[in-house]
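Working notes, beginning with the structure itself.
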Ligand SMILES: *Cc1c(COP(=O)(O)O)cnc(C)c1O
């Protein structure tokens, strides 16, 4: 099917959950995607932070081919080698002790929330006071299933689905006094993304993260760090919390873990893991042989090619280039982020929308999040020349937007 047919069919047949750009992708290689007309796009979003090794990476292809010949699915009623081999790598990378495998980000986060509740139940049975309340941060994003969306701040994502999970309260972003005021032994979990993704690429401060660690340690509540977007090297460390020198009790990984094949993981300490015993939680597909084999290939490739180093270097270069744009264009409010998880906040939502659309016109994929923020989540294998291409395009778009006076340029984009 071609784009127009697909659009017509989807408009009739699919539940209306997405507002897609009118481009039909049929292939990809490296950092580029190919549309049905053979037009090449530079992808600086990598799915949404998923394709860390880019498209058609030989290691990913080989793992899929090899493992699919051997075994695609068994069930969690039996053993296969993949989960233990992947868990060995993940526990070493994160500093945590045990892993639960699932199929997506939101499922990993659900597992984290359920673990926190179960752990509080266990602690109470052992005579410690620990309640069931959960604290999350304003502007947070933890996923779309009921528990995850209950800890997600944006009203549009929450409101229509109420009533949500009881006992969730939001703390003002980076506000230690607000955290202290809302924290008590009624709280079983404090949730945060070390670098908020969907919320606009906002790293939490060292002081706030440390306060969350200190308070939770005092009562035995769990500190949950959502690394679904920021984890697996994205920020230049395996987990963003490693920049802070803080170890949470629980973390979640997903997006780039399977190189495009769905897989998620919830990791926790030995102490927290005491709360779950066989039968309490599970999944049919989670940690299947194919997904594990691909995730192992992704991680081994990242080690072999020293990608963490590459991410740090190219991330620093990208950040600096964005800062030179900020110096040249008054419409740029701030550049934020770590490694290859970067955001550039613009003066208003219309301008951000205009710039993202104009980038797509020039066959460069980025996206706009939190209304005013341009988000860059390029594949880990991105090279400085790709960054230069994007910076040059951004420079031109920002210049002509200001020359034509923003509102006129915006009208032109929608004409
Ligand atoms: C994407 C994301 C999720 C949800 O992951 P899905 O795989 O879409 O369910 C949760 N938390 C964060 C921080 C994310 O970026």
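Residue numbers (this note's numbering): 20 to 434. Ideal Cβ placement from N, Cα and C applies to all residues, glycine included.
Residue range 283-287 is occupied by the beta strand (DSSP E) that includes residue 284.
Relative to ligand 1, residue 362 has its C-beta separated by 6 Å or more from all heavy atoms. Boundaries of the alpha helix (DSSP H) harbouring residue 335: 326-347, taken from the DSSP string. Nearest to residue 305 by C-alpha distance, out of 37, 109, 119, 60, is 119.
Annotated as distal: residue 284 and residue 138, with beta-carbon spacing of 7 Å or more. Under the DSSP assignment, residue 360 falls in the beta strand (DSSP E) whose first and last residues are 360-365. Between the segment 245-258 and the segment 202-222, the count of Cβ pairs shorter than 8 Å is three or higher; the stretches touch. Contact check for residue 273 and residue 123: beta-carbon distance about 6 Å, within the 8 Å limit, so the pair qualifies. When only Cα atoms are considered, residue 322 and residue 225 end up about 28 Å apart. Counted as a single uninterrupted DSSP element, the beta strand (DSSP E) harbouring residue 357 occupies residues 351-357.
In the three-state reduction of the DSSP assignment, residue 200 falls in the helix class.
Within 6 Å of the C-beta of residue 302 there is not a single heavy atom belonging to ligand 1.
With contacts defined as CB atoms closer than 7 Å, residue 254 and residue 357 qualify as a contacting pair. Residue pairing for residue 51: DSSP places it in a beta bridge opposite 48, 61. Counting of Cβ neighbours within 10 angstroms places residue 154 among the buried residues, the total reaching 16 or more. For secondary structure counted as the beta strand (DSSP E) over 3 or more consecutive residues, the segment 104-168 holds these complete runs in sequence order: 117-121, 152-156.
Here residue 227 carries a helix assignment [DSSP, helix/strand/coil]. Boundaries for residue 26: no beta strand (DSSP E) harbours it, while the alpha helix (DSSP H) harbouring it runs 22-32, taken from the DSSP string. Minimum Cα-Cα distance from residue 185 among the listed residues 193, 150, 199 corresponds to 150. Residue 311: member of the alpha helix (DSSP H) spanning 308-323, first to last residue. With respect to residue 286, residue 267 sits apart: the two C-beta atoms are not nearer than 7 Å. Under the DSSP assignment, residue 79 falls in the alpha helix (DSSP H) whose first and last residues are 77-89. The continuous alpha helix (DSSP H) containing residue 371 extends over residues 368-380. With the rule of 3 Cβ pairs closer than 8 Å, the segment 304-320 does not count as touching the segment 330-344.
Residue 273 sits in coil when the DSSP states are folded into three classes, being neither helix nor strand. Looking at the DSSP output, residue 210 shares a beta bridge with 243.
Cβ neighbours of residue 136 within its own chain (closer than 7 Å, five residues either side excluded): 151, 207. With 16 or more other CB atoms across the displayed protein chains lying within 10 angstroms of its CB, residue 102 is buried.
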